[in-house]
Structures are given as structure tokens and as C-alpha cells.
């Protein structure tokens with residue numbers, strides 16, 4: 007069980023080293039659940055991408071490596087977003103509107119991912135019903151294409167027939183008319199071949215975009231939006247599980263100590279290096295002047311306790 011939890015913790019978007027030594031089992035289990043959901047997101051992303059690419063390539067085997075790559079890429083971006091959406095433990099300056107706007111943009115990006123992953127899965131799930139409607143769309147497309155072809159062929163045939171009749175009326179030699187008759191026969195044969203090509207091309211087309219349009223906007227598939235909401239819920243659940251944790255719990259306490267120690271030590275080393283470089287290179291003794299009370303977080307300005315005289319006191323100096 008520990009090995010499985012350790013594997014899931016890696017995909018929780020949290021510090022695995024601190025999770026391992028956290029004494030609170032409930033918190034460890036929660037982060038393991040977050041990691042399990044993240045892996046589940048990878049699985050449904052793979053199947054969504056696989057269905058998409060096998061429709062586009064018309065080759066299920068070729069779609070596998072491409073789907074794996076895109077699912078891996080999506081999952082990495084999702085995991086990065088989970089990491090940035092963890093509860094902040096360090097002090098920071100921007101609060102209020104900026105803080106909520108930043109969170110909303112990242113959460114909105116997660117929702118957008120969820121919708122993009124959901125729609126191909128819905129098209130796959132409703133494929134039997136969609137196929138019936140797609141067949142009707144194909145028949146309509148074939149009808150329109152054939153009508154355009156018939157009109158274009160009729161114009162060309164009318165022109166050739168008119169030319170043949172004109173030459174026959176003027177008693178042209180048959181050798182002059184024969185090429186036009188051959189061209190007319192060729193046109194009729196090409197028209198028949200064109201009809202066959204239209205039926206073949208449109209008949210084999212997967213109409214994947216039209217499937218997504220139907221499952222998204224057709225009232226017959228309004229229930230598909232419930233599936234979309236379920237996928238959005240799954241994508242957002244890890245964020246909820248992480249954000250609802252209390253900052254007073256052992257994990258966040260230890261994480262705060264570790265992260266603050268890293269920041270404070272790095273800032274202390276920076277000040278020492280700054281002063282040393284100036285002294286060694288220029289022979290000048292310097293020190294870093296801090297205008298904030300909580301450097302290096304710089305969220306609270308130091309109070310200026312100096313007192314200043316007024317204008318009259320200044321003028322008295324020169325009277």
C-alpha cells in the first residue's frame with residue numbers, strides 16, 4: 007500500500023518529500039487520492055485523443071502513439087496547473103481582485119481542458135445514434151454535390167451540343183464534328199465517374215467535426231452535457247481536495263517551515279554575497295538596506311519614524 011501511495015503522491019502536485027514524513031494519515035490518503043485522479047485524467051485523455059486521431063487517420067494503430075503523446079502533454083500541463091493551484095503558504099503581495107483573477111484564469115483553463123477531453127468521448131459514447139444522423143447529413147451532402155455537378159455538366163453539354171448542331175447545319179465534314187462528339191461522350195463518361203467518386207469520398211468521410219457539432223449543439227444530445235459536467239467535476243476535484251485543507255494541519259505547517267527556511271537562507275546568503283563582492287572588488291563596506299519589515303517577502307513597509315520641521319523652521323535658518 008505504501009508503494010502505491012508513494013506512486014500516487016508523485017502526481018498530487020505537492021511536495022512528495024514532506025508528504026512521506028507527514029504524520030497525519032488522512033492528509034497522506036487525500037494526496038494519494040489526488041494523484042489517483044490525476045492518473046485517471048491521463049487515462050481518459052488518452053482514450054479521448056485516441057478516438058479523435060483514429061477518426062482523423064482512419065487507422066487505430068497509428069492513433070495509439072499520437073494519442074499517448076498528446077495525453078502525456080495534457081497531463082503534464084494539468085499537473086503543472088494543480089501545482090500552481092495548491093494553497094499558498096508563503097507571504098505574497100497581491101491579494102483581493104488580483105489573487106482571485108489569477109485563480110479563476112487557471113481554474114478556467116482546467117475547465118477548458120475538461121471540455122476538450124469530454125466532447126470526443128461523448129461522440130464515441132453516442133456513436134450509434136450519431137451515425138444515423140451523420141448518414142442523413144452525408145446523403146444531403148451527396149445530393150448537393152450531385153446537383154452542382156449536374157448543373158456544371160449540363161452547361162458544358164449544352165455548349166458542345168450547340169456547337170455540334172451548328173456545324174451539322176453548316177454541313178461541316180464529319181471529320182470536323184467527330185472530335186466534338188468524342189468530347190461529349192467523354193464528358194458524359196466523366197460525369198458518371200464523378201458521381202461514383204462523390205459517393206465514395208463522402209461515404210468514407212468520418213465527419214468528425216460534424217459529430218462534435220451534433221453532440222454539442224443538437225437538442226437530441228442534451229444529456230451529453232451531463233457527461234461534460236461529470237468530466238469537469240473530475241478535473242476540478244483535485245483542486246477542491248487540496249484547497250479545502252486547513253493551513254494549520256501538520257503537512258502545511260511543515261511545508262511552511264521548510265519553504266520559509268529556504269527563502270530566508272537564500273536571502274541571507276544573497277546579502278552576505280552582496281556585501282562580500284563589494285568589499286573584495288571595490289574595497290567598500292556596504293550593507294543591504296531593507297525598506298520592508300518582512301524582507302524578502304516585502305509585503306509590509308517599514309514605518310518612517312523621522313520627524314520633520316515645518317517651512318517656518320527652515321526659513322528661520324536664513325533670517
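Residue numbers (my numbering): 7 to 325.
Just so it is clear, CB atoms sit at the ideal spot from N, CA and C, and this is done for glycine as well.
Contact under 8 angstroms by Cβ, residue i with residue j
i: residue 233; j: residue 124; result: yes
i: residue 242; j: residue 116; result: yes
i: residue 24; j: residue 264; result: yes
i: residue 47; j: residue 84; result: yes
i: residue 135; j: residue 166; result: no
i: residue 246; j: residue 30; result: no
i: residue 95; j: residue 253; result: yes
i: residue 148; j: residue 196; result: no
i: residue 303; j: residue 10; result: no
i: residue 150; j: residue 220; result: no
i: residue 4; j: residue 40; result: With the chain running from 7 to 325 in the structure shown, residue 4 is simply not present.
i: residue 186; j: residue 169; result: yes
i: residue 74; j: residue 53; result: no
i: residue 285; j: residue 294; result: no
i: residue 69; j: residue 76; result: no
i: residue 20; j: residue 92; result: yes
i: residue 86; j: residue 244; result: no
i: residue 208; j: residue 144; result: yes
Buried versus exposed call for residue i [16 or more other C-beta atoms within 10 Å across all chains shown]
i: residue 126; result: buried
i: residue 44; result: buried
i: residue 15; result: buried
i: residue 298; result: exposed
i: residue 202; result: exposed
i: residue 34; result: buried
i: residue 230; result: buried
i: residue 81; result: buried
i: residue 289; result: exposed
i: residue 228; result: exposed
i: residue 237; result: buried
i: residue 36; result: buried
i: residue 38; result: buried
i: residue 128; result: buried
i: residue 178; result: exposed
i: residue 261; result: buried
i: residue 132; result: buried
i: residue 137; result: exposed
i: residue 110; result: exposed
i: residue 336; result: Limits of the chain in this structure are 7 at one end and 325 at the other, which puts residue 336 out of reach.
i: residue 108; result: exposed
i: residue 18; result: buried
Opposing strand residues paired with residue i [DSSP bridges]
i: residue 307; result: 298
C-beta neighbour in chain C for residue i, strict 8 angstroms
i: residue 251; result: Among the chains of the structure shown, chain C does not appear; only one protein chain is present.
### Message
Restricting to runs no shorter than 4 residues, where is the alpha helix (DSSP H) found entirely within the segment 234-305?
### Response
256-288
### Query
Between the segment 52-66 and the segment 199-216, do at least 3 Cβ pairs fall closer than 8 angstroms?
yes
### Query
What are the uninterrupted segments assigned as alpha helix (DSSP H) that are 4 or more residues long and contained completely in the segment 167-227, given in chain order?
180-210 and 214-223
### Message
Threshold first: 4 residues or longer. Then list the alpha helix (DSSP H) segments lying entirely within the segment 26-67, N to C.
### Response
31-63
### Uninterrupted alpha helix (DSSP H) stretches inside the segment 102-137 (no shorter than 4 residues)
103-131
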